[in-house]
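Asker: Before we start, here is the structure in question, set down as structure tokens.
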Amino acid sequence: MEPCCQQTKKKRVLLKLSGEALINEGHRGINPQALKEIAEEIADAYRCGNCELTIVLGGGNIWRGVRDGGGVIDRVNSDNMGMLATVINALALQSALEDAGVPTRVLTSINIYQLAEPFVRRKAERHLEKGRIVIFAGGTGNPFFTTDSAAALRASEINADVLLKATQVDGVYDSDPRKNPDAKLIHKITYADAIAKQLQFMDTAALALCLENKVPVQVFNLHKKGNIKKALCGEEVGTVIY
33 MEPCCQQTKK KRVLLKLSGE ALINEGHRGI NPQALKEIAE EIADAYRCGN
83 CELTIVLGGG NIWRGVRDGG GVIDRVNSDN MGMLATVINA LALQSALEDA
133 GVPTRVLTSI NIYQLAEPFV RRKAERHLEK GRIVIFAGGT GNPFFTTDSA
183 AALRASEINA DVLLKATQVD GVYDSDPRKN PDAKLIHKIT YADAIAKQLQ
233 FMDTAALALC LENKVPVQVF NLHKKGNIKK ALCGEEVGTV IY
């Protein structure tokens with residue numbers, strides 16, 4: 033991919049972060065220091081060049097859907113609570129990004145007028161044209177869908193040039209690196225080959241959306257400082273699926 037700072041046309045990017053980006057390992061909720069650090073890294077990356085940046089955050093640091101429901105809360109309500117958790121994370125990240133000097137707007141798929149704007153594609157595009165970061169919250173607005181699916185959906189809707197998925201590992205491997213110490217990192221692979229090899233880097237619904245709408249995905253390690261900037265500026269980091 034061509035570095036965004038060398039493009040004449042602005043590169044439109046969707047960055048997918050898990051809720052774990054906002055916590056210290058082994059904890060839940062939002063850690064102010066972790067929030068500050070991730071916001072500063074995103075702000076620094078955003079200033080790297082000629083890019084329009086959107087973000088989708090997970091909510092697993094607050095609520096893990098049916099897993100946290102423990103059989104007492106039904107799946108639909110559990111997923112609805114997870115969607116609300118992504119709104120909490122989005123508002124926190126918005127505040128931290130604006131504190132870092134970057135104007136940011138939160139658009140939600142569920143109506144919470146007092147807290148954020150409802151998602152409208154054209155409104156999101158106007159914000160991007162005005163140089164604002166846009167955070168999409170509330171998942172897809174429907175239960176039974178992951179925030180990976182929400183990221184793939186929004187990336188498709190706004191015609192993103194790439195979906196950057198920040199994870200806990202360095203990229204996509206030919207086998208599970210947690211089980212196989214000899215697993216090899218794949219640097220580039222087509223969707224067809226990734227599907228044929230049954231590589232796990234996002235859920236089936238998200239994968240189908242990206243494949244159908246020709247949105248390349250770049251998977252990289254969130255915890256290596258500078259990786260967000262490298263990915264946003266089109267440098268080779270992690271794995272590119274195209």
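Count along the sequence shown from 1, then add 32; that gives the number in the numbering used here.
Ideal Cβ placement from N, Cα and C applies to all residues, glycine included.
Quantities reported herein were computed from a predicted structural model and do not represent experimental measurements.
#1: Since residue 194 sits in a beta bridge, which residues does DSSP pair it with?
#2: With burial defined as no fewer than 16 other Cβ atoms inside 10 Å of the residue's Cβ, what is the status of residue 277: buried or exposed?
#3: Quick one: Cα of residue 70 to Cα of residue 134, how far?
#4: Tell me whether the beta-carbon of residue 142 lies closer than 8 Å to the beta-carbon of residue 163.
#5: Have a look at 167, 220, 82 and 153 and flag the residue whose alpha-carbon is nearest the alpha-carbon of residue 41.
#6: Throw me the rounded Cβ distance for the residue 192 and residue 247 pair, which I believe falls under 8 Å.
#7: I need the DSSP call for residue 72, collapsed to helix, strand or coil.
#8: When we look at the beta-carbon of residue 91 and count the other beta-carbons within 10 Å, is it buried (16 or more) or exposed?
#9: By DSSP, does residue 145 sit in helix, in strand, or in coil?
#10: Just verifying my parser: in three-state terms, what is the DSSP assignment at residue 137?
#11: Closest to residue 259 by C-alpha separation, out of 77, 132 and 53, would be which residue?
#12: On the three-state DSSP scale, how would you describe residue 277?
#13: Given that a residue counts as buried once 16 or more other Cβ atoms are within 10 Å of its Cβ, and exposed if not, what is residue 48?
#14: Assign residue 108 to one of two classes, buried (16 or more other C-beta atoms within 10 Å of its C-beta) or exposed (fewer than that).
#15: Quick check: what's the CA-CA separation for residue 147 versus residue 231?
#16: Taking residue 130 as the reference, give the member of 112, 68, 234 and 52 with the closest Cα.
#17: What does residue 83 pair with, by DSSP beta-bridge criteria?
Answerer: According to the structure shown:
#1: DSSP output for residue 194 lists 45 as bridge partner(s).
#2: Since the first residue of the chain shown is 33 and the last is 274, residue 277 is not available in this structure.
#3: Their Cα atoms are separated by approximately 13 Å.
#4: With respect to the 8 Å criterion, residue 142 and residue 163 are not classified as neighbours on the basis of their beta carbons.
#5: Out of 167, 220, 82 and 153, 82 has the C-alpha closest to the C-alpha of residue 41.
#6: The pair is a contact, with the Cβ atoms about 6 Å apart (cut-off 8 Å).
#7: DSSP places residue 72 in the helix class (H, G or I) of the three-state scheme.
#8: When all chains shown are included, residue 91 counts as buried.
#9: Of the three classes helix, strand and coil, the one that applies to residue 145 here is coil, per DSSP.
#10: Correct three-state label for residue 137: strand.
#11: Comparing Cα-Cα distances from residue 259 to each of 77, 132 and 53, the minimum goes to 77.
#12: A question about residue 277 goes unanswered here, because the residues of the chain that appear run from 33 up to 274.
#13: Residue burial is scored here from C-beta neighbours: residue 48 has at least 16 other C-beta atoms within 10 angstroms and is therefore classed as buried.
#14: Residue environment analysis places residue 108 among the exposed positions, since fewer than 16 neighbouring C-beta atoms fall within 10 angstroms of its C-beta.
#15: So the two alpha carbons sit approximately 38 Å from each other.
#16: Of 112, 68, 234 and 52, the residue nearest in Cα terms is 68.
#17: Its beta-bridge partners are 43.
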